[in-house]
Amino acid sequence: MMIQTPYLIRLELAHDADAIEALHELSFGPGRFARTAFRLREGVPHDPDLSFVALFGDRFGGAVRLTPIRIGDDPALLLGPLAVHPDFAGRGAGKALVGVALDAARAAGHKLVLLVGDHPYYGPLGFARVPVGQITMPGPVDPNRLLLAELAPGAAGGARGLCGKP
166 MMIQTPYLIR LELAHDADAI EALHELSFGP GRFARTAFRL REGVPHDPDL SFVALFGDRF
226 GGAVRLTPIR IGDDPALLLG PLAVHPDFAG RGAGKALVGV ALDAARAAGH KLVLLVGDHP
286 YYGPLGFARV PVGQITMPGP VDPNRLLLAE LAPGAAGGAR GLCGKP
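When the count follows this note's numbering, it moves up by one through the sequence shown with no breaks and lands on 331 for the last residue.
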């Protein structure tokens, strides 16, 4: 079975860096540098085998990255940023990018993916709200937006503690 989409998803390549940075600037502005999730990713390289871009013909349309973190003593991944260019919003590329990234992480043996985001968007993609106090971030985060995807059965039950760099 083949599914026709208006975009192609592929692994992020080194030469995509400038386009991704421009997309992040457009999507999140300069305030992104102060956000707790950004601060947690700061200085930690994202995993190039788990980071993807969406191309709409010859135009760069979206990107998602997964970055190694720790939840307490356990390894995990932090999803984000996920960004889709406004010209291509609503075409399914963002959800497809997340799905491909989660599948790649699962295939690579990862067990947990954390993010700060909106449950109505990410819930259908396999993310659940983290019970308040079970996982904490090293800065301010709305606890209703702290979401976790379990890539291995039972992995979420043991996820506890402060998030930090690997």
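All C-beta atoms, glycine included, are put in the ideal place defined by N, C-alpha and C.
Only a predicted model underlies this, so the values are computations on that prediction, with no experimental measurement involved.
Taking all protein chains shown into account, do 16 or more other C-beta atoms lie within 10 angstroms of the C-beta of H250, making it buried, or fewer, making it exposed?
-> Position 85 of the sequence shown, counting from 1, holds the residue named residue 250. So H250 counts as buried.
Buried or exposed: where does V297 fall if 16 or more other Cβ atoms within 10 Å of its Cβ makes it buried?
-> Here residue 297 refers to the residue found at position 132 of the sequence shown. The residue in question, V297, is exposed, as its Cβ has fewer than 16 Cβ neighbours within 10 Å.
Mind the definition here: the segment 182–191 touches the segment 287–306 only if three or more C-beta pairs lie below 8 Å; say whether that holds.
-> no
Give every residue of the same chain whose Cβ lies closer than 7 Å to the Cβ of A377, excluding the five residues on either side of it in the sequence, and list them in chain order.
-> Residue 377 cannot be examined here, being either before or after the span of the chain that is shown, 166 to 331.
Run through the segment 242–301 for me and flag every whole alpha helix (DSSP H) of 4 or more residues, listed as ranges in chain order.
-> 258–272, 284–287
Hey, L316 and L262: beta-carbon distance below 8 Å or not?
-> Numbered from 1 along the sequence shown, position 151 holds the residue referred to as residue 316. Numbered from 1 along the sequence shown, position 97 holds the residue referred to as residue 262. No, the Cβ-Cβ distance between L316 and L262 is not below 8 Å.
Relative to the alpha-carbon of L178, which residue among F203, E207, F217 has its alpha-carbon at the smallest distance?
-> Reading the sequence shown from its first residue, position 13 is the one you call residue 178. Out of F203, E207, F217, F217 has the C-alpha closest to the C-alpha of L178.
Nearest neighbour of I174, chosen from P240, A266, V209 [CA to CA] = Counted from its first residue, the sequence shown places residue 174 at position 9. The shortest C-alpha separation from I174 is found at A266.
Residue from F253, A202, D214, T201 with nearest C-alpha to L224 = Position 59 of the sequence shown, counted from the start, is the residue given in the question as residue 224. Note that residue 224 is Arg in the sequence shown, not Leu. The candidate whose alpha carbon is nearest that of R224 is F253.
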